[in-house]
Every structure is written in C-alpha cells, then in structure tokens.
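Engineer: Residue numbers (my numbering): 5 to 258.
A virtual CB, placed ideally from N, CA and C, is assigned to each residue, including glycine.
None of these values were measured; they are calculated from a predicted model.
Provided herewith is a single structure, encoded as structure tokens, for subsequent inquiry.
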C-alpha cells in the first residue's frame with residue numbers, strides 16, 4: 005500500500021528565498037523536489053509544515069513526499085537509509101536527518117499541533133563574521149535585569165489573542181487570532197534567545213515580537229505595555245521587525 009514519506013530536515017536559509025517554490029529564485033522546497041526526483045526517478049510533490057521566509061533557518065522542518073499527482077509513494081528504499089540517499093542530491097546547507105512512512109491522509113501542515121520558533125540575538129559591540137547570517141548582531145549589551153524584563157514581557161504573549169499588532173501590514177489572512185502556548189527569554193553566553201510556541205504564526209509575527217522585546221530590554225517599553233499593544237491591533241504600536249537571520253523554526257509537534 006502506498007504511503008507518504010515524512011522527512012525531518014535542517015537547513016540554513018541564507019541562500020534561499022524562503023521555503024516555498026518560486027519561479028526565478030532558489031528555495032528549499034525547490035531543492036527538495038529536485039533531490040526527490042533524482043532519488044526516486046519520477047517527479048514528487050513536497051508538502052512542508054510551514055513557509056519560512058527568505059534568510060530564515062530551521063533546526064527541524066517537516067515535509068511529506070508523495071509521487072506527483074498522487075496521494076502516496078511506493079519505494080523500496082528503507083526509511084533508515086533514506087536520509088543518506090536523498091542527502092547525496094541536496095546542497096550542503098540542507099540535510100534530511102530522519103524519515104518515516106505515514107498514512108496517505110497525513111498532512112504536514114494541517115496536522116501540526118504546534119510549532120516552536122527561537123530567535124537568536126547576539127549582543128556584542130563587535131561583529132562575529134562566522135555568525136553574521138546565523139543570528140541578529142545587536143550592538144548593545146543587555147544585562148540580566150534587561151533580560152528579566154524581556155522574559156516578563158514575553159509571558160504576556162501567552163494565550164489566545166488577536167496578534168495583528170505583530171503582523172506585517174497588508175498581509176492577506178482570514179484571521180489574525182492565534183494561540184501562543186509558552187514563551188521564554190534566556191541567555192547563552194553573548195546570545196539572548198527568545199523562544200515561542202503556538203498553533204500558528206502571522207507573517208513576521210515572531211520577528212516583530214522580538215523587536216518589541218528589544219524595546220523592553222532597552223527600557224523604551226515596560227513589560228506591562230505588551231497587553232495594551234496587543235489589544236490595540238495596531239502594527240505601529242509594536243517595535244521594529246527584527247531581521248530574518250536570527251529566526252529558526254526549532255520544533256514541530258504532531
């Protein structure tokens with residue numbers, strides 16, 4: 005019986021115009037489609053769990069492979085061998101690290117319970133060229149008290165809210181209501197990490213939240229300003245949009 009193949013992937017998004025296939029730009033989905041066709045010998049449909057933007061990375065991204073125009077795929081490649089087999093056809097900045105068979109009715113995006121993102125901010129006066137595309141270089145030092153304020157502010161994101169204050173203006177969506185399950189802000193050396201999990205995210209939502217938290221850390225906003233910003237449903241009330249290179253899709257739960 006034909007089934008879909010669920011693959012788990014890591015990638016560095018720097019060289020790509022996001023996940024989704026585009027006609028005249030390199031994308032992660034485009035590379036996966038080419039690699040799957042070379043491995044199996046026929047065109048494949050790749051359905052991803054999300055649409056990451058240009059320059060955004062993934063520590064865990066999930067996608068299903070099926071034969072083009074069909075609901076499943078038949079293969080003799082063992083699932084424990086498939087990552088190595090398909091990686092032979094992928095560029096070095098994209099890697100499949102796990103594969104399993106799932107039912108034909110499994111959907112990589114619709115069946116997600118929640119997704120977790122992290123945003124990495126390197127707080128240092130000097131740039132590190134080895135990290136220039138892997139985190140936001142923020143040339144101001146945030147101390148423990150600053151991070152504690154950011155942590156308290158982020159806790160106000162938890163719950164079901166209209167998050168249109170944290171969405172890029174003009175984004176075409178049917179609803180701007182989302183549920184955030186948990187947040188955290190913590191330090192790893194010079195890097196401050198913002199972690200957030202939810203049932204879905206609006207366009208640039210995590211990046212705008214990050215910019216807003218930076219305003220809290222710098223004392224331009226207080227943690228108690230966050231509920232007012234959220235309730236305003238007004239993008240101009242929130243902080244700047246943090247750049248894409250610090251954002252990672254970190255975990256996907258089915």
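I need the straight-line Cα distance from residue 7 to residue 73, nearest angstrom please.
Structural biologist: For residue 7 and residue 73, the distance between alpha carbons rounds to 14 Å.
Engineer: What's the call for residue 164, buried or exposed, on a 16-neighbour Cβ count within 10 Å?
Structural biologist: Under this definition residue 164 is an exposed residue.
Engineer: Taking DSSP as the reference, what is the three-state secondary structure of residue 253?
Structural biologist: Residue 253 falls in the strand class under three-state DSSP.
Engineer: How would you label residue 134, buried or exposed, when you count the other beta carbons within 10 angstroms and need 16 or more for buried?
Structural biologist: With fewer than 16 other Cβ atoms within 10 Å, it is exposed.
Engineer: Classify residue 20: buried if its beta carbon has 16 or more other beta carbons within 10 angstroms, exposed otherwise.
Structural biologist: When all chains shown are included, residue 20 counts as buried.
Engineer: Determine the extent of the alpha helix (DSSP H) in which residue 53 is found, giving its start and end residues.
Structural biologist: Looking at the DSSP string, residue 53 is not in any alpha helix (DSSP H), and its letter there is neither H nor E.
Engineer: Just curious, the beta strand (DSSP E) that residue 219 is in, first and last residue?
Structural biologist: It is not in any beta strand (DSSP E) - residue 219 instead sits in the alpha helix (DSSP H) that spans 209-221.
Engineer: Going along the chain, which residues of its own chain have a beta-carbon closer than 6 Å to the beta-carbon of residue 216, five neighbours each way excluded?
Structural biologist: Contacts found: 242, 243.
Engineer: Within the same chain, show all residues whose beta-carbon is closer than 8 Å to that of residue 252, passing over the 5 residues directly before and after it, in chain order.
Structural biologist: Only 60, 61, 62, 63, 121, 122, 123, 124 meet the Cβ criterion.
Engineer: Grouping DSSP H, G and I as helix and E and B as strand, with all else coil, what is residue 241?
Structural biologist: The answer is helix: DSSP assigns residue 241 an H, G or I state.
Engineer: Go ahead and pull the three-state DSSP assignment for residue 64.
Structural biologist: Strand, per DSSP.
Engineer: Just tell me which of 222, 82, 53 has its CA closest to the CA of residue 205.
Structural biologist: The shortest Cα separation from residue 205 among 222, 82, 53 belongs to 53.
Engineer: Rounded to a whole number of angstroms, what is the C-alpha to C-alpha distance between residue 232 and residue 166?
Structural biologist: Straight-line Cα distance between these residues: approximately 12 Å.
Engineer: Please report the residue range of the beta strand (DSSP E) in which residue 205 lies.
Structural biologist: That residue, residue 205, is in no beta strand (DSSP E); it is neither H nor E in DSSP.
Engineer: Nearest to residue 49 by alpha carbon, out of 101, 92, 108?
Structural biologist: Comparing Cα-Cα distances from residue 49 to each of 101, 92, 108, the minimum goes to 108.
Engineer: Identify, in the order they occur along the chain, each residue of the same chain with its Cβ nearer than 7 Å to the Cβ of residue 97, setting aside the five sequence neighbours on each side.
Structural biologist: Excluding sequence neighbours, residue 97 sits near 15, 16, 19.
Engineer: Report the rounded CA-to-CA distance for residue 193 versus residue 132, giving the unit in angstroms.
Structural biologist: Those two C-alpha atoms are separated by around 14 Å.
Engineer: Out of curiosity, what's the CA-to-CA distance linking residue 196 and residue 246?
Structural biologist: Approximately 13 Å between the Cα atoms of the pair.
Engineer: Would residue 184 and residue 161 be called neighbours here (beta carbons separated by less than 7 Å)?
Structural biologist: Cβ distance < 7 Å, so residue 184 and residue 161 count as in contact.
Engineer: Alpha carbon to alpha carbon, how far is residue 99 from residue 91? Give it in angstroms, no decimals.
Structural biologist: If I take the Cα positions, the gap works out to 6 Å.
Engineer: Residues in the same chain with beta-carbon distance under 7 Å from residue 127, minus the five sequence neighbours each way, listed in chain order, please.
Structural biologist: These residues qualify, in order along the chain: 142, 144, 145, 146, 194, 196.
Engineer: Write down the C-beta distance between residue 209 and residue 171 rounded to the nearest angstrom, noting that I regard them as a contact closer than 8 Å.
Structural biologist: That pair is a contact at about 6 Å.
Engineer: Take the Cβ of residue 101 as the centre, count every other Cβ of all protein chains shown within 10 Å, and call the residue buried at 16 or more, exposed below.
Structural biologist: Exposed, because fewer than 16 other Cβ atoms sit within 10 Å of the Cβ of residue 101.
Engineer: How many angstroms separate the CA atom of residue 151 from the CA atom of residue 191?
Structural biologist: In a straight line, the C-alpha of residue 151 is about 8 Å away from that of residue 191.
Engineer: Where do the ends of the beta strand (DSSP E) carrying residue 124 lie?
Structural biologist: Unbroken beta strand (DSSP E) run through residue 124: 118-127.
Engineer: Helix, strand or coil: which one does DSSP assign to residue 263?
Structural biologist: In the structure as shown, the chain begins at 5 and stops at 258. Residue 263 is therefore absent and cannot be evaluated.
Engineer: Return helix, strand or coil for residue 199, following the three-state DSSP convention.
Structural biologist: Residue state, collapsed to three classes: strand.
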